[in-house]
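Worksheet: one structure, shown below.
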Amino acid sequence: MASVIWIDSDADDDDVVEFVERPIVVSPRRDLKKPAPLAGPSTIANTRRPDLRTPQKKKRGRSPTSDSDIEILECTPRPTKTPKAKLQLQPLSSDDDDDRAVALALQRQWEAEDQVAQKKAAETEEQSMRLIARLQAMDASMAEKRARLAQSRDVPDDGIVFQVVIDAEGKTLEGDEDPDNAAHLDIVKRDFEQAIAGGLKLKTLHWFVNAKLEARFEAAKATLNALGIDATERSLFHGTAAPNIQPILKSGFLIPGVSPGIQRAHGAACGIGIYLATTPTTSLGYTQGANKMFMCRVITGRSTPDISQAIPRPLGHDNFESWSGHGVYVVKYVDLVVPRYVRQLRPMTLN
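All letters in the sequence shown, in the order written, are residues 1 to 351 by full-length UniProt numbering.
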């Protein structure tokens, strides 16, 4: 390469330019440090930040003289942990205090109401238990009286050894004016009126004891018990026409098609037997306008939903003693049904 030398002479105005051949020596490249920036925002921006990467060990050897001699090392940055946020409890505001006060007031009110309800329930339960005990004692007394009358030696031809009739107001129309009898019939009357629909009211209630029918019933009950068959008693209803009331009081029920001289009045859609209902409303449709029905002591025994028109074999020798379905029982044996009450309803127009 050539260098240019400018020569200016003071003697004259002519300037001479001389080209001199001189080799140019290139010194090795050095890393020049940049001047430190002035203080200010740029200072922070230009400040060298510490390297967070994992430091690598430097290799010992000669210093690199060219770019090709520089080795680039890669390193994986160490993951940083994110600090967990701390739950800070905010102080309650005045609105929160008001809501809390309302909630506490409601809670106290509900607790007070619960205590009152529990107290009333306990009192009602106690009253119910006393009433149940009274009814059980009364029923036991009436059962003892009925059994005593049924075993009476002086039994008339019709078998009726006791009867009493009261009206809706509890006035005795027939029989002895015994306070126990009136109280017993009053309970029966109320239960009956609660069970019947349409707002119908009781006109008269006839309670009677037929010693012959009672003895026959107790004998059949003993037979079932001896055979291990359930002989639980229950109360069921039977509606019939007015001309049939007195014959049933004297002789009990007869089964059409089985008992001599008895014709079927309503058919035998559910088999042969005595038709009874669990509610008085069902039996009311079979009174033929008389508004009278029986409430009976009944042992249904073993029941089946299968209808049978066959004449039953002697008690205890068949597989079932009754048919049941849709609130109706058909008892196949007359000895398992004893009429106890005759209930007459007040005639009234149903709206």
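Glycine included, C-beta positions come from ideal geometry on N, C-alpha and C.
Counted within 10 angstroms of its Cβ, other Cβ atoms place residue i as buried (16 or more) or exposed
| i | result |
| --- | --- |
| G301 | buried |
| N244 | buried |
| H317 | exposed |
| V116 | exposed |
| A220 | buried |
| V102 | exposed |
| residue 353 | With the chain covering only 1 through 351, there is no way to say anything about residue 353. |
| D31 | Residue confidence for D31 is low, a pLDDT of 49 falling below 50, so the modelled location carries little weight and cannot support an answer. |
| R297 | buried |
| K332 | buried |
| E214 | buried |
| T232 | exposed |
| L106 | exposed |
| I307 | exposed |
DSSP state of residue i mapped onto helix, strand, coil
| i | result |
| --- | --- |
| I248 | helix |
| S303 | strand |
| T172 | strand |
| L254 | coil |
| P339 | strand |
| T124 | helix |
| I274 | strand |
| V298 | strand |
| H206 | strand |
| K119 | helix |
| K292 | strand |
| L315 | coil |
| I187 | helix |
| Q109 | helix |
| E177 | coil |
| D230 | coil |
| V102 | helix |
| D96 | helix |
| A39 | The predicted model places A39 with a pLDDT of 48, which falls under 50 and marks its position as unreliable; any figure quoted below should be read in that light. Of the three classes helix, strand and coil, the one that applies to A39 here is coil, per DSSP. |
| P156 | coil |
| A268 | coil |
Boundaries (first-last residue) of the alpha helix (DSSP H) holding residue i
| i | result |
| --- | --- |
| P280 | P280 to L284 |
| G216 | Looking at the sequence provided, one finds Arg at residue 216 rather than Gly. R216 -> alpha helix (DSSP H) spans A211 to A226. |
Residue nearest to residue i in terms of C-alpha spacing, selected from the options
| i | options | result |
| --- | --- | --- |
| I272 | F217, S322 and H238 | S322 |
| residue 364 | L336, F320 and E169 | This structure cannot settle anything about residue 364, because the visible part of the chain is limited to 1 through 351. |
| E177 | R190, G159, V155 and W207 | W207 |
| G252 | E113, D306, L224 and F217 | F217 |
| L276 | E233, T223, G327 and A183 | G327 |
| residue 366 | A211, N319 and R346 | An answer regarding residue 366 cannot be provided, because it is not within the stretch 1 to 351 covered by the chain. |
| P305 | L315, R313, M295 and G325 | G325 |
| M295 | G239, K203 and D180 | G239 |
| I160 | T223, R343, I311 and N210 | N210 |
Residue range of the beta strand (DSSP E) that includes residue i
| i | result |
| --- | --- |
| R346 | No beta strand (DSSP E) holds R346; DSSP gives it neither H nor E. |
| H238 | E233 to G239 |
| F162 | I160 to D167 |
| S322 | S322 to G325 |
| Y333 | Unbroken run through Y333: none, as it is neither H nor E. |
Cutoff 8 Å; reference residue i; Cβ partners in own chain excluding five residues on either side
| i | result |
| --- | --- |
| Q309 | A268, G271 and I272 |
| S303 | F320, E321, S322, W323, S324 and Y329 |
| A168 | K189, K201, L202, K203, T204 and R346 |
Neighbourhood of residue i by C-beta, 7 Å cutoff - its chain only, sequence neighbours within 5 removed
| i | result |
| --- | --- |
| V334 | G252, F253, L254, I255 and I274 |
| A290 | A241 and A242 |
Beta-carbon contacts of residue i that lie in its chain and below 6 Å, excluding the five residues immediately before and after
| i | result |
| --- | --- |
| Q163 | G175 and F208 |
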